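The letter at position 11 of the sequence shown is residue 27 when you use the numbering used here, and the numbering goes up by one with no holes.
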Amino acid sequence: MWNHIPEHILIFKTNIATESDLFAVKTALDDHHLIEQWNIDQTDVDCVLRVISYHLSYADIIRIITGLNYSCEELTT
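Right under this line is the structure:
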């Protein structure tokens, strides 16, 4: 099985676990013009954040999320 993730899909482990947490990051992610799409799987133990961006790096997203006082780290396969 091939587990390659395209470079423009960035996947993170976060602590964005509740609806209020989601609301807290929603505006920052929705309003960022270089983010095409994003979602958070709050049912996953790692509260996985998936971001589609052709221009932002893992470090950029980590900076955005940690700037909102949430933990965020690259999730590797």
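Every residue gets a Cβ at the ideal spot worked out from N, C-alpha and C, and that includes glycine. Everything numeric in this text was worked out from a predicted model, so none of it was measured.
When only Cα atoms are considered, N85 and I51 end up about 20 angstroms apart.
Assigned with DSSP and collapsed to three states, D76 falls in helix. Bridge pairing for K42: absent [DSSP]. Y70 is the residue among H49, D37, Y70 and T34 whose C-alpha sits nearest the C-alpha of I25. Contact check for R66 against I27 passes: the beta carbons are separated by less than 8 angstroms. Out of D62, E35, S73 and T43, the CA that lies nearest to the CA of S87 is found in D62.
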